[in-house]
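In what follows, a structure is listed as structure tokens, so that the remarks can point back to it.
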Amino acid sequence: MPELPEVETVMRGLDAKLTNRVITAASLNRPDLRWPIPAGFAAALTGATVTGFRRRGKYMFMRLNTGASVLIHLGMSGRMIIDAPFALHEHLTLETNEGCRIGFVDPRRFGALDLIATNDEDTHRLVAGLGPEPLGNEFNAPMLLEALTGRKNPIKAALLDQTLVAGIGNIYASEALFRAGISPRRLAGQLGAKRVDRLVPAIKTTLTEAIAAGGSSLRDYVQPSGELGYFQHAWKVYDRAGEFCERCPQLPACSGIRRIVQTGRASFYCPQTQG
DNA sequence: CTTTAAGCCTGCAGGC
DNA sequence: TGCCTGCAGGCTTAAA
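Using the working numbering, the letters of the first sequence correspond one by one to residues 1055 to 1329.
So this is what it looks like as structure tokens:
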């Protein structure tokens, strides 16, 4: 479940291994993931020098000295492996002039790879409609309050709408709402300025801390297994149904963290501290 | 316009 | 042990 912090961490790991290196070989092992991968994809990478990376929401872009950019989306199960044995479901393999081997592995194939002719990646159909970056200045309380006005779905569902704000997924939606003390069941249009004022910094802090955890845990972001970017998470409510949240006294009166399903997705929250 | 359900795909956990 | 079912989730498309 790569969300913004995981994508950011994976991207930093790729940056450390690929930027300013030459891709000496690129092999695509199937013609499609979620969508067809354009003909000539591997050829466009081969021989190119990587000039840098950029992230937008849960998408990352690898920029090449040819003027083209490569869109990479990890989907649900996508991961990057470095100098690891060829893996099952390894759909793309890159080699650099320094002898580094990078594999893109995605069993469920919800991910995507695409070629963008220029470095103007925001014109791509998959990112053109995205909302603001949650860690940017454009994402602030007045903006969010305005965007939520009139919305009738629960705030948890609204936060998953990538056109509202880009990069929040199912896990960090629950985490941010816990931090803000807001129930995931509250209707998005009914938050009011006070709760929105808490929610915006809660989102920023939650994401920033997760990125920091990824950055500090491992040198070059590479696990011993060769897997890139994942790290020990310390989720406060996600997947912790029945446990006591950190704000609750551990008393029999407290029922603990609850799991509910909203629009088909699991949400976790503490009924005692989230209104 | 907003919101929801289905579908894509595979691995894994749980039940029998 | 092994089969079967259901669930997990990001994102799009279709439909309400």
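Just so it is clear, CB atoms sit at the ideal spot from N, CA and C, and this is done for glycine as well.
From a predicted model like this one, the values you see are computed outputs, not experimental measurements.
Could you tell me which residues DSSP pairs with residue i in its beta bridges?
{"i": "GLU1297", "result": "Answer by DSSP bridge pairing: none, since GLU1297 is not bridged."}
{"i": "LEU1282", "result": "VAL1276"}
{"i": "GLN1216", "result": "Beta-bridge pairing links GLN1216 to no other residue."}
{"i": "GLU1144", "result": "VAL1159"}
{"i": "VAL1104", "result": "LEU1118"}
{"i": "ILE1135", "result": "GLY1157 and GLU1281"}
{"i": "ASP1168", "result": "LEU1125"}
{"i": "PHE1322", "result": "ARG1313"}
{"i": "PRO1208", "result": "LEU1241"}
{"i": "GLU1149", "result": "ALA1079 and ARG1155"}
{"i": "ASP1086", "result": "PRO1090"}
{"i": "TYR1292", "result": "Answer is none; TYR1292 lacks a bridge partner."}
{"i": "TYR1113", "result": "ARG1110 and HIS1127"}
Alpha carbons only, please: which of the options is nearest the one belonging to residue i?
{"i": "ARG1252", "options": "CYS1302, ALA1211, PRO1196 and ALA1288", "result": "PRO1196"}
{"i": "ILE1091", "options": "MET1116, LEU1169 and VAL1104", "result": "LEU1169"}
{"i": "THR1120", "options": "GLY1101, GLU1060, HIS1127 and VAL1291", "result": "GLY1101"}
{"i": "GLY1153", "options": "GLY1268, LEU1231 and LEU1072", "result": "LEU1072"}
{"i": "ILE1236", "options": "ALA1267, GLN1328 and GLY1157", "result": "GLN1328"}
{"i": "ILE1156", "options": "ALA1295, PHE1140 and ALA1201", "result": "PHE1140"}
{"i": "GLU1175", "options": "ALA1212, LEU1245 and ILE1126", "result": "ILE1126"}
{"i": "THR1105", "options": "TYR1113, ALA1093, VAL1124 and ALA1267", "result": "VAL1124"}
{"i": "ARG1163", "options": "HIS1145, GLU1300, ASP1069 and GLY1318", "result": "HIS1145"}
{"i": "ALA1211", "options": "THR1203, PRO1186, LEU1189 and PRO1238", "result": "PRO1238"}
{"i": "ASN1074", "options": "ASN1191, GLU1187, LEU1189 and LEU1118", "result": "LEU1118"}
{"i": "GLN1316", "options": "ALA1227, GLN1244 and THR1078", "result": "ALA1227"}
{"i": "GLY1318", "options": "HIS1178, CYS1324, PRO1186 and LEU1214", "result": "LEU1214"}
{"i": "GLU1187", "options": "LEU1218, LEU1167, ASN1083 and HIS1178", "result": "LEU1218"}
{"i": "ASN1173", "options": "LEU1167, MET1130, MET1116 and ASN1191", "result": "MET1116"}
{"i": "ALA1070", "options": "ASN1083, VAL1276, PHE1322 and CYS1324", "result": "VAL1276"}
{"i": "ARG1240", "options": "THR1177, ALA1171, TYR1323 and ASN1191", "result": "TYR1323"}
Inspect the beta-carbon positions of residue i and residue j and report whether they are closer than 9 Å.
{"i": "ILE1311", "j": "ALA1320", "result": "no"}
{"i": "ALA1242", "j": "ILE1209", "result": "yes"}
{"i": "ALA1122", "j": "ALA1098", "result": "yes"}
{"i": "GLY1165", "j": "ARG1108", "result": "no"}
{"i": "THR1150", "j": "SER1081", "result": "no"}
{"i": "VAL1250", "j": "LEU1202", "result": "yes"}
{"i": "PRO1059", "j": "ALA1295", "result": "no"}
{"i": "LEU1189", "j": "THR1262", "result": "yes"}
Closer than 8 Å by C-beta to residue i: which residues in its own chain qualify, once you throw out the five before and the five after it? Chain order, please.
{"i": "VAL1254", "result": "PHE1193, ASN1194, ALA1195 and LEU1198"}
{"i": "CYS1308", "result": "PHE1298, CYS1302 and GLN1326"}
{"i": "ALA1247", "result": "ALA1195 and LEU1199"}
{"i": "GLY1094", "result": "LEU1169"}
{"i": "THR1103", "result": "ASN1074, ARG1075, VAL1076, ILE1077, LEU1118 and ASN1119"}
{"i": "SER1177", "result": "Note that residue 1177 is Thr in the sequence shown, not Ser. Same-chain partners within the cutoff: ILE1170."}
Taking 6 Å as the limit between beta carbons, can you name the residues of its chain near residue i, skipping five residues before and five after?
{"i": "LEU1184", "result": "GLY1111, GLN1216 and ALA1220"}
{"i": "ARG1233", "result": "ALA1256 and THR1260"}
{"i": "ALA1230", "result": "ALA1256, ILE1257 and THR1260"}
{"i": "GLY1132", "result": "ASP1160 and GLY1165"}
{"i": "ASN1083", "result": "HIS1145"}
Sorted by chain position, which residues of the same chain lie with C-beta nearer than 7 Å to residue i's C-beta, five sequence neighbours on each side aside?
{"i": "ILE1225", "result": "MET1055, GLU1057, TRP1289 and TYR1292"}
{"i": "GLY1280", "result": "ILE1135, ILE1136, ASP1137 and ALA1138"}
{"i": "VAL1061", "result": "ARG1109, LYS1112, MET1114 and LEU1128"}
{"i": "GLU1300", "result": "LYS1290"}
{"i": "GLY1204", "result": "GLY1243"}
When we look at the beta-carbon of residue i and count the other beta-carbons within 10 Å, is it buried (16 or more) or exposed?
{"i": "LEU1142", "result": "exposed"}
{"i": "GLY1067", "result": "buried"}
{"i": "LYS1206", "result": "exposed"}
{"i": "PRO1085", "result": "exposed"}
{"i": "GLY1223", "result": "buried"}
{"i": "GLY1268", "result": "buried"}
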